[in-house]
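Working notes, structure below.
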Amino acid sequence: MNLVVMKFGGTSVENPEAILRTAGIVAGRVDQGKRPVVVVSAMSKVTDLLLACAAAASRGDRVGALALSSRLRSRHRDTAAALVKDFKDCAKLQDAIEAEFNALDEILRGLAAILELTPRISDLIVSYGERLSSVIIAHAFRERGLDAVHVDARNVILTDSTYQKAIPQDALIEARCALHVRPHVDEGRIPVLGGFIGSNEAGITTTLGRGGSDFTGALIGGALHAEAIEIWTDVNGIMTTDPRICPDALRVKTISFEEAAELAYFGAKVLHPATILPAVRKNIPVLVLNSKNPSNEGTRIISLAPHCNSPFKCIAVKKKLTIIDVVASRMLMTHGYLKSIFDIFDKHQCPVDMVSTSEVSVSLTVDSNDKLPAIADDLGKIADVKYEGQKALVCMVGEDIRGQMGISAQVFTAIKHVNVRMISQGASEINMSFMIEEEDVEEAVKSLHAYFFRDPDPAIFDVEARLPKDKD
Ligand code: ADP
Ligand code: ASP
Ligand code: MG
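Structure, rendered in C-alpha cells:
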C-alpha cells in the first residue's frame, strides 16, 4: 500500500505560484513511488469572502454581494489563466468557472430578494470556494504533466443534514471512495477533490464546518486505508504554540493522537478537531507539513508518543469564548439539577467547553454565539444567570503531566500576574486548561512558553531552529 492522501490548505493554493509549488510537491511523491489522492481547500480568504457575499445579500445589499462575487470571479479567472496555457484546456476551464459564478450570482440575487439566509443556503454559497479551487488545481496539475482527474467531493463525502457542521457517514463514504476514487488510483491517476464540502443523501450540498478540509483528507485517508495522511499548511508543523502569538515557538517532531486531538479541540487552528478520528480508527499516521518549506520534516502524529523530558508538548488557545455563571439561588444543587442545565444547552445545540461547579453554582464556557440570549433566558427559569464574553481558554497539553507533582504550581506561578477565571484539570489526564481574559492571552502564553520551553528536549522539539545561524 503506497497510497497517501495529501491535503493542501488555503495558503498552499492561494495563488498561481503556490499552486505550482503544490504541483511540485505532489510530483515529488509520485517520483517516490507513492500514489497520491489530493484534497484542496478554497484559495486563501475565499471562504470568508463567500460568507461576506452571503451576509451582504441577506441584508438586501444585492449590489455589494455581486461586487464581491465579481472580484472573486476575476481572481479565479486570473489564476486559471496564469496556470493553464493550453488554449483548448484553458477555454474549457474558463467556461466552467464562468458557469459556477453565474450560478452563484443567481443564488445571491435570490437571497437578496428573500432576505433569509438559512444554514442550507449558506453551505451552498460557501461550497463554491472548494468547487472552484479543486477544478482549477486539477487542470493546473495536468498542465504540469500529472495525470490528475477532478472528483466532485459531494459525490464522495456523504453526510447527514446538519448544515454548517455536517456529520460524515463513514460506511457510505467508504462505498463512494471505492466507486469514485479508488479506480482512478488503481489506474495511476491522481484524484483531486475539494475539501470541506459534502452532500446529504438527497444530494443537497453540506459542509463539515470551518477548517473542515483537514477532516475531508482524514475521511478519505481512512476510507482508502492510506499509508499516511499529509496535512500541508503554512507552518513547519504543529508548533509548541501558535507562532503568531509566540514567534519563537518550536516545531514538535512527534506527538500522540491523543495530544493532537486535545490541541485541535482546544483551539490549535493548525488541525481541525475531528481530523484525528478516522486516522486513529485505522491507525494511519498523520503528518503536518509546510508547503512553503517542503523539505522540513514536519510533525508526525502517531498512536504512541515517545517520552519527553518536559511535561508539556504544546499550548493551545481558543479565543472568543463566553463564561456563563448559573447560580441556584432558589434551590441548592439537587439531584437532576445539572441535567436540567445541560438539557438547555442540548436544546440549543450548543457545545460546552469547560465546566466547574461549587455547592450552588455552575460555570460553563461556550463559543460566543447568537444563541446566548436564548440560552440565558431558558437558564433564567431555573437559576440566576450572568454571562460575560471576550474570554480565552488556554490549554496546556502533554502526556507526561500524568501523575507529575507540582505542575499546576509551576503553571500558575508562570502566570501569576494574570487573572485566572476558571480552571480544569484531570478530565483527560493530558491537559490542564484555564480561562483568562482575551486581552491577557499574549502575556500568559509568552510567559508559559518561556518557562516550559526554556530547555526543550531535542528528541521531541526541533531545537535546531533556535540555534544562532552561522554568519557568512
Ligand atoms: P490551512 O489553511 O493550511 O488549513 P490554517 O490557517 O487552518 O491553515 O492553520 C495553520 C495556522 O494555524 C498557522 O498559520 C498558525 O498560525 C495556526 N496555529 C495555531 N496554533 C498552532 C500550533 N500549535 N502549531 C502550528 N500552527 C498553529
Ligand atoms: N475553506 C474552508 C475554511 O476556510 C475549509 C478549510 O479550508 O479547511 O474554513
Ligand atoms: Mg485549516
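Quick note on my numbering: the sequence shown kicks off at 871 and runs consecutively. Virtual Cβ for every residue (Gly too), placed ideally from N, Cα, C.
Ranked by how close their Cα comes to the Cα of residue 1308, the residues 968, 1269, 1105 and 1238 have 1238 in first place. Within the region 1206–1257, the complete beta strand (DSSP E) segments at least 3 residues long are 1224–1227 and 1231–1237, listed from N- to C-terminus. In this structure, residue 1232 sits away from residue 1245, with a CB-CB distance that is not shorter than 8 Å. Using a Cβ distance threshold of 8 Å, residue 953 and residue 1010 count as a contacting pair. Looking at the DSSP output, residue 1192 sits in a beta bridge with 1236. If one requires a minimum length of 3 residues, the beta strand (DSSP E) runs lying completely within the region 999–1068 are 1018–1020 and 1060–1064, in chain order. Proximity of the beta carbon of residue 1084 to the ligand MG is indicated: a heavy atom of the ligand is located closer than 7 Å. A contact between stretches requires three or more CB pairs, one per stretch, nearer than 8 Å, and the region 924–938 meets this requirement with the region 970–990. The closest heavy atom of the ligand ASP lies less than 7 Å from the beta carbon of residue 917.
Residue pairing for residue 876: DSSP places it in a beta bridge opposite 908 and 1100.
Around the Cβ of residue 1106, a 10 Å sphere holds 16 or more other Cβ atoms; the residue is buried. Judged by DSSP in its simplified three-state form, residue 986 adopts coil rather than helix or strand. Under the Cβ criterion (8 Å, minimum of three pairs), the region 1080–1088 counts as touching the region 1137–1146. About 5 Å separates the beta carbons of residue 910 and residue 1007, which is inside the 8 Å limit, making them a contact pair. Excluding five sequence positions before and after residue 1062, the CB atoms of its chain that fall closer than 6 Å to its own CB belong to 908, 1004, 1007, 1008, 1018 and 1020, given in chain order. Contact annotation: residue 1315 and residue 1115 have beta-carbon atoms nearer than 8 Å. Here residue 1160 carries a strand assignment [DSSP, helix/strand/coil].
Residue 1033 has its alpha-carbon roughly 30 Å from the corresponding atom of residue 1255.
One thing to note: residue 1235 has its Cβ within 8 Å of the Cβ of residue 1261. Cβ neighbours of residue 906 within its own chain (closer than 6 Å, five residues either side excluded): 874, 876, 896, 899 and 1060. Counting only residues of its own chain and dropping the five nearest sequence neighbours on each side, residue 1029 has a CB closer than 8 Å to the CB of 1036, 1037, 1038, 1039, 1068, 1069, 1070, 1076 and 1078. With contacts defined by Cβ atoms closer than 8 Å, residue 1173 and residue 1226 do not form a contacting pair. Its chain contains 914 and 1104 as the residues whose beta carbon lies nearer than 6 Å to that of residue 881, once the 5 sequence neighbours on both sides are disregarded; these appear in chain order. Beyond the five residues adjoining it in sequence on each side, residue 1271 comes within less than 6 Å, by CB distance, of 1181 and 1277 in the same chain, given in chain order.
Every alpha helix (DSSP H) stretch that sits fully inside the region 1275–1323 and reaches 4 residues is listed by chain position as 1277–1284 and 1311–1322. Between the alpha carbons of residue 1161 and residue 1155 lies a gap of roughly 18 Å. At a cut-off of 7 Å, the beta-carbon of residue 930 does not count as near the ligand MG: no heavy atom of the ligand is closer than that. In this structure, the C-beta of residue 1139 approaches the ligand MG to less than 7 Å from one of its heavy atoms.
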